[in-house]
Amino acid sequence: MQIVFLLEQVVNGLVLGGYYLLIALGLSLIFSVGGIVNLSHGAFYTLGAYVSVTLGKYLGFTAAAAISPFLVGLLGILFERFILRRFYREDPILSLLVTFGLAMVAEQAIRMIWGAAPLPASMPGALRGPVMVGEFLFSKYRLLMLAIVVVILAGIWMLLNKTSFGRVVRAGIQQPDMVAALGIRLQPYMTTVIVLGVGLAALGGALFAPITIVHPAMGAEILTVAFVIVIIGGLGSFWGVILSALLVGVVRGVTIHFYPPAGTASIYVLMFLVLMFRPRGLLGERIEKFE
Amino acid sequence: MTQYHDTKGRKSARMTRRSALKFGAAGLAAGSVLGMPSILRAQDVVKIGHLTPKTGFLGVLGEYATLGIQLAVEQINSAGGVNGKTFELLSEDSINPDTATTKAQRMIERDNVDFLIGEISSASALAISQVAARNKKLFIAVGPRSDVLRGKSCSEYMFCCDIPNTVMVNAVGGALKRNGMVDGKKFMTLTADYVFGHDLLKAAKAFFDANNATLVTDELVATDVTDFSPFLLKVRQTQPDVVCLNLAGNQVTNFVKQYAEFGLPYPTVGFNLNTADAWAAGVGNLSGTWPTPWYDTLQTDGSQAYVAAFKEANGKLPENHSWISYVAMNIMAKSIGETQSTGTPDLIQYLESGAKFDLLKNREGYFRKGDHQLIQEAFAFSVDGSASNEHDMIVLGQPVPDPDQELESIFPTVEAGGCTL
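If you read the sequences in order, they're chains S and Z. Residues in the first sequence are numbered consecutively from 1, following UniProt numbering. Residues in the second sequence are numbered consecutively from 1, following UniProt numbering.
Rendered as structure tokens:
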């Protein structure tokens, strides 16, 4: 029976990794196109949750969770146009500082608009409850989230690898000057990718709202895990982030199974070990412009 | 000031002796106009150093605590202050014990506060009490609940206002016993992995031992855990009769939301829950019986007046940390008024004297001399699953102890706590 319990934690870890992916993938996308270490990513996650909970009172949970990422994504356009665009060719430390400042401003703005107290948020009763698959217990809601994540991952992969849009983005990541020399203006592509990254963070916030406390600093909590995943996976690597998210979920779950107090520490130990042997992360690519 | 040119022809500003004298005289004159009245003003002001966590896993509660103490200070100042002195509140974020220590020391040395007040974290409160003792300043520990602060780590300079862990356990324990949820039952506990949680677990174990219940498993949970799914699987694997939570702050909200999400069948109870965390869980997620020191539906004149004033000032209802912060500040105002002093020895003597204070409850409270604990009523509340909103789902029970019993009957004795003042 003990082995079944352990396997259950492994499978739960994979599901957990799936939902970390929503946040980590957006972070990785934004880094790969602009070399921006976006410390304000957590703020967009928080905004996604707040907008979703607020709209949910009038539109219901499903519609609110669907609309929220689009509204926050619109903010992403302003974010790219007025802030990030100035820092693409600058030292990454500058974008790191400015997004750190933006994260603090955003947190305080949320506090001013919605108040410091957490917002109550629940999921519809139909989504609540367990699903048994053989011996394994799953949450119905998390399986639904996992399905959404898989669809989104497939969509992003198709967009980046099977469309002309994706070809330009990938070429722009490796050789922006060459793309410009071919007469292609990269700016709209970068804006689109950053809006996509911001929208993913907001979707994460909207989907997490019913299962986690919704408060102004919630973004800071998730951002740390997201960064650990991106670093382990390799900055800018699509498959690296996926592999890393699943690994982080499993390592954390299995550690909690054997020794719960070390659950959080285990992901940092994992990061340390990976960076010892693979300083670029598991599948980190060599990107010329960041060398 | 006279301008000179150096050997390379650059302008430089150097001060002659005469201009220095003029400048000094002007400074003195300005000091007499601006500085002296401020010194005089300082004598008319009671400076209060308020420390509470405003970020981190207790940040939500700290925000409420700040609103409560601010309201008390505003009301005191609006009424003309105490003994002709107005109150000046210096409020800062004490996110962890290290920060709390540094800021407490700075408030005493640099800001010259008359006393320290605040805190929710037991670990930070312990750190502040050590700073207060070294500097011989009074520290009113408003929100921390660890028994150890009133026990082995008690201090001559620290007075504890909130209800301690053992009383929280006793308050909810009575209700659980009435519902047949203790005798012969197997409990699994989840405990916040810091001094408060460990302390609460100790009190819970004593309760289980005294009432023929068995603790089959305890899991320690780091304070920054937000996803409880691996712990929920462990609950399922353990199959207890009752799941008992010794969690703190955001942990409780996250746990109850995810417990409802997984739909596990085992009843949950808890020995610690703040109403802001309960509200944050949302309708349909919270269940069970929980302890609380106060709720806004308590029907006393003082309580309802406070609720109305808080709502008018902040546009929302107060919760228990705003209440205890408001009450604690008013206790200090009364103490300063009665002693006509802000001196630490005078205030300690008064607080130890058994003076009664209005806690906005049915019965007045007082500090016990032996361990500096504020003796008061406690409550258990249940959750109405059919309520239409977060506020109404909390149903406050009758106060404990019963009106005909001594207030101290629900508190551990000073000897049992181990405090030797």
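For every residue, glycine included, the Cβ atom is placed at its ideal position computed from N, Cα and C. Note that this is a predicted model, so its numbers are computed, not measured.
- Residue environment for S:Q187: exposed (fewer than 16 other C-beta atoms within 10 angstroms of its C-beta).
- Following the DSSP letters along the chain, one finds S:M123 in no beta strand (DSSP E), marked with neither H nor E.
- The CB of S:L137 comes closer than 9 Å to the CB of L232, L233, R236, F262, L264 in chain Z, given here in chain order.
- At a cut-off of 9 Å between C-beta atoms, Z:L220 counts as an interface residue with respect to chain S.
- Using a Cβ-Cβ cut-off of 9 Å, S:M158 is close to nothing in chain Z; its nearest Cβ partner there is about 29 Å away.
- Under the criterion of beta carbons closer than 8 Å, Z:S287 and Z:G143 do not qualify as touching, at roughly 25 Å.
- With distances taken between CA atoms, Z:T297 lies nearest to Z:N320 out of Z:N320, Z:A204, Z:K54.
- Residue contact check for Z:K205 against chain S: no CB pair falls below 9 Å.
- A distance below 8 Å between beta-carbons, with the five flanking residues on each side excluded, links Z:N179 to the following residues of its chain, in chain order: T289.
- Below the 8 Å Cβ cutoff, chain S contributes G263, T264 as neighbours of Z:V225, in chain order.
- Scanning the stretch 108-143 of chain Z from its first residue to its last, the whole alpha helix (DSSP H) runs of 4-plus residues come out as 122-135.
- The Cβ atoms of S:G284 and S:L235 lie closer than 9 Å to each other.
- Annotation: the continuous beta strand (DSSP E) that includes Z:L215 extends over 214-221.
- For Z:H372, DSSP assigns no beta-bridge partner whatsoever.
- Per DSSP, the unbroken beta strand (DSSP E) holding Z:E88 starts and ends at 86-93.
- Contact annotation: Z:R145 and Z:D199 have beta-carbon atoms nearer than 9 Å.
- Within the stretch 245-314 of chain Z, the runs of alpha helix (DSSP H) that reach at least 4 residues and sit entirely inside it are, in chain order, 250-262, 275-281, 301-314.
- Ranking Z:D277, Z:Q130, Z:A132, Z:N96 by CA distance to the CA of Z:Y295 puts Z:D277 first.
- Residue pairing by DSSP places Z:K316 opposite no residue, since no beta bridge is assigned to it.
- Per DSSP, reduced to three states, the secondary structure at Z:S229 is helical.
- Short of 7 Å from the beta carbon of Z:L71, and not among the five residues preceding or following it, lie these beta carbons of its own chain, in chain order: A309, F310, A313, Y326.
- Note that the C-beta distance between S:A24 and S:I229 is below 9 Å.
- Listed in chain order, the non-local C-beta contacts of S:V168 below 8 Å within the same chain comprise V179, I184, L186, Y189, local neighbours out to five positions each way being set aside.
- Three or more beta-carbon pairs separated by less than 8 Å are not found between the stretch 114-124 of chain Z and the stretch 391-402 of chain Z, which leaves the two stretches without contact.
- For Z:A171, the CB contacts under 6 Å within the same chain, skipping 5 residues up- and downstream, are P291, A378, A380, V400 in chain order.
- Under a criterion of Cβ atoms nearer than 8 Å, the residues of chain S adjacent to Z:E390 are, in order, P120.
- Segment contact: the stretch 208-222 of chain S against the stretch 92-101 of chain S, fewer than three CB-CB distances shorter than 8 Å; contact not assigned.
- Counting along the chain, Z:H50 sits inside the beta strand (DSSP E) bounded by residues 45-52.
- Here the C-alpha atom of Z:T238 lies approximately 10 Å from the C-alpha atom of Z:F187.
- For S:L137, the uninterrupted beta strand (DSSP E) run begins and ends at 136-139, by DSSP.
- Note that the C-beta distance between Z:V225 and Z:L245 is not below 9 Å.
- At the C-beta level, Z:K234 and S:H41 stay beyond 9 Å of one another.
- Look at the beta carbons and you see the stretch 96-105 of chain Z not touching the stretch 66-81 of chain Z: under three pairs across the two are nearer than 8 Å.
- Between the stretch 343-352 of chain Z and the stretch 252-264 of chain Z there are fewer than three inter-stretch CB-CB distances shorter than 8 Å, so the stretches are not counted as touching.
- If you compare the alpha carbons of Z:T55, Z:N212, Z:L273, Z:K185 with that of Z:A192, the shortest gap goes to Z:L273.
- The beta carbon of Z:G59 is closer than 6 Å to those of P53 in its chain, skipping five residues each way along the sequence.
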